[in-house]
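Worksheet for the structure shown next.
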Amino acid sequence: MITAERKPMEEIIESVRPYNRILLVGCNECVTVCAAGGRKEVGILSSALQMAFMQEGKTLDIKELTLERQCDPEYVEELVTVIDQADAVLSMACGCGVQEVARRYKDKPVYPALNTLFMGAAERQGVWAERCQGCGDCILGLTGGICPVARCSKRLLNGPCGGSTAGKCEISQDVDCVWQLIWDRMKALGIENRYEEVMTAKDWRTSRDGGPRKIIREDLV
Amino acid sequence: MKTESVLEKVFNSGQLAVTSECGPPRGALPEKVIEKAKMLEGYVDAINVTDNQTAMVRMSSLAACILIKQIGLDPIFQMVTRDRNRLAMQSDIIGAYSHGINTMLCLSGDHPHFGDHPMAANVYDLDSVQLVQTVRKMRDEGKFQGGDDILNPPKMFIGAAANPFADPFELRVARLAKKINAGVDFIQTQCIYNMAKFETWMQGVCDRGLDKKVHIMAGITPMKSVGMARYMKNRVPGMDVPDEIVKRLAGVSKKEQPQEGIKIAVEQIQRLKEVPGVHGFHIMAIEWEQKVPEIVEKAGLYPRPEIK
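From first to last, the protein sequence lines are chains A and B. So that you can map any letter, position 48 of the first sequence is 48 in the numbering used here, and since no number is skipped, the others follow by simple counting. Offset between the second sequence (1-based) and the numbering used here: plus 1000.
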């Protein structure tokens, strides 16, 4: 899923300071799961903003709404009945949701309340970690199901580098050396002899380097 | 012979090769490069020129290599894949070769996290193994990485690094084999302090006959002080400094520590000369280049062979 974190309160306050009425829009998908922008977080942010404005002797009229999927035009359309009652939208979706609202409501300023971070998985309660960079040409079949593109700090396809120490990356004790994990996994699968095959230079065209990407499924269009 | 590299010629002569390194200055100070290189003149076969080492901005390796070449010495052009993509790397390789530079060292480089621009984008279009593969393709096939023909392809003698002290240890021989598969000609190792561990790694290398496929140069860095030894032991990733080294330096007065450090380095070289598969020494005297001649002489590696 896509993970995100709420922006610092001061930054959010600054972004909505010029407005009296805002529409605070959450999303029921990824950002709900990672507890950043679901219905609950919308409620918390709404109270916090109202309190902050009150302390400055101002009032802020906030309408709260959490859409099923903010990256989907079908659900973003639901804002049509309330959009005119707001001077601006504050979105608690990932960057995709923010942009979908901006695309649909062209004359309405939209501000992000979250920083969108990465595609990841939950490691345990309250901990999410990066797993995929969406390079567009998956190599997990060659690396024991563990991705060096997303999880090696230098995205080395023929790692580990000389900084791998006791299973950790040279940049931090909190970061696993992904090539240690890959090696361990290759051994568990009995395919460690494949390690010596050179993984050749990657074609990054399928990644962001090839320009913004789009999927067109003729069978569904 | 694959190239005109002096280093390749020394290896082919069967003699132990000696290299050292010169870190370019953090400013437009060409005289500093020349001053450092001249300290090494006659005592080494070639001089590595580091490429934004420790992820700090410095004079470019290419520019410093050209300065060294212009005074008649032989630079080894270090290139890290951290700072530029395959277009930039290949154009710099052609540029280097156009200035008569014919020896390279291909590295991934320290992560920007360690340097003075931790906010920089981290390129890694290629990794070090893929850079080796690219340089070999340029030389042996006369083709760019993308497949087009090169007009007068650069003939580089290709080096890479190996760190037998990083984890997982059991993978480190396989990693060398991988670099050999990619086309590496010579290897310079991480600084060696844990002799037993290095010898175990070399045994693994020789058991597989890899020593016949690549020239391995043992990395030597003299300790200036016990403080440096402790720093290297505790703070430098992938460095293995046994307690006995720290104790030995701590056992002499502060004034005598530099000399003790040199003594240790010379003893290491003497011992490593006996290790099968070691074809030379890479002496990295960090900001202490003036001591390299003394180490080379005391280790019995002087004079250097006359190579035509």
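Just so you know, even glycine gets a beta-carbon here, dropped at the ideal spot from N, CA and C. Predicted model only: the values in this text are computed from it and were never measured.
- For B:K1233, none of the residues of chain A pass the 7 Å Cβ criterion, the least Cβ distance being about 12 Å.
- Taking each of B:A1046, B:D1051, B:D1127 and B:Q1070 in turn and checking the Cα distance to B:R1086, the smallest one comes out for B:D1127.
- For B:F1114, the three-state secondary structure derived from DSSP is helix.
- Taking each of B:K1247, B:I1264, B:Q1257 and B:L1107 in turn and checking the Cα distance to B:D1051, the smallest one comes out for B:L1107.
- The criterion of a C-beta distance shorter than 8 Å is satisfied by A:Q85 and A:R21.
- Residue state for A:Y195 is assigned as helix, using DSSP reduced to three classes.
- Look at A:L156 here: in three-state DSSP terms it is coil, with no helix or strand label.
- Proximity to A:A102 across A:V89, A:L114 and A:A113 peaks at A:V89, based on C-alpha coordinates.
- In the DSSP annotation of this structure, B:N1181 is not part of any beta strand (DSSP E); the continuous alpha helix (DSSP H) holding it starts and ends at R1172 to A1182.
- At a C-beta separation below 8 Å, A:S207 has no neighbours in chain B, since its nearest C-beta there lies roughly 11 Å away.
- Apart from the 5 residues on each side of it in sequence, B:C1206 sits with its Cβ closer than 7 Å to the Cβ of P1276 and G1277 in its chain, given in chain order.
- Nearest neighbour of B:A1182 by Cα position, chosen from B:Q1053, B:M1202, B:R1208 and B:K1213, turns out to be B:K1213.
- For A:R155, the C-beta contacts it makes with chain B under 7 Å involve Y1124, in order along the chain.
- Beyond the five residues adjoining it in sequence on each side, B:G1095 comes within less than 7 Å, by CB distance, of L1062 in the same chain, given in chain order.
- For the region 168-182 of chain A, residues whose beta-carbon sits nearer than 9 Å to a beta-carbon of chain B comprise K168, C169, E170, I171, S172, C177, W179 and Q180.
- For B:V1278, no alpha helix (DSSP H) segment is defined; the enclosing uninterrupted segment is the beta strand (DSSP E) at V1278 to I1283.
- Under a criterion of Cβ atoms nearer than 8 Å, the residues of chain B adjacent to A:A201 are, in order, R1086, D1125, L1126, Q1130, Q1133, T1134 and Q1145.
- Residue range F1157 to A1162 is occupied by the beta strand (DSSP E) that includes B:I1158.
- Runs of the alpha helix (DSSP H) lying entirely within the region 63-121 of chain A and spanning at least 4 residues, in chain order: 73-76 and 95-104.
- Put simply, the CB of A:W204 is near chain B, with a gap under 8 Å to one of its CB atoms.
- Residue pairing by DSSP places A:S172 opposite A:C169 in a beta bridge.
- About 7 Å separates the beta carbon of A:Y195 from that of B:L1171, a gap short enough to meet the 8 Å contact definition.
- Note on geometry: alpha-carbon atoms of B:F1186 and B:E1035 lie some 27 Å from one another.
- Closer than 8 Å to the CB of B:N1052 there is not a single CB belonging to chain A.
- Linking A:M186 to A:G141 through their CA atoms gives a straight-line distance of about 11 Å.
- Spanning the alpha carbons of B:C1065 and B:S1005 requires a straight line of approximately 14 Å.
- Setting aside the 5 residues that flank it on each side, A:M9 is surrounded in the same chain by A48 and A52, each with a C-beta closer than 8 Å to its C-beta; the list follows chain order.
- Taken atom to atom, the span from the alpha-carbon of B:H1099 to that of B:P1024 is near 18 Å.
- B:A1037 is positioned such that its CB atom lies no closer than 8 Å to that of B:L1105.
- The way I'd put it, the region 205-217 of chain A doesn't touch the region 1189-1205 of chain B; fewer than three beta-carbon pairs between them come closer than 8 Å.
- Pairing B:E1041 with B:M1284 gives a Cβ-Cβ distance that is not under 8 Å.
- Under the 8 Å criterion on CB atoms, A:E130 is classed as non-interfacial with respect to chain B.
- Around the C-beta of B:E1274, fewer than 16 other C-beta atoms lie within 10 Å, and the residue is accordingly described as exposed.
- Note on geometry: alpha-carbon atoms of A:W179 and A:L117 lie some 23 Å from one another.
- Straight across, the Cα-Cα distance linking A:G144 with A:E29 is about 29 Å.
- Between B:A1265 and B:V1246, the CB-CB gap reaches or exceeds 8 Å.
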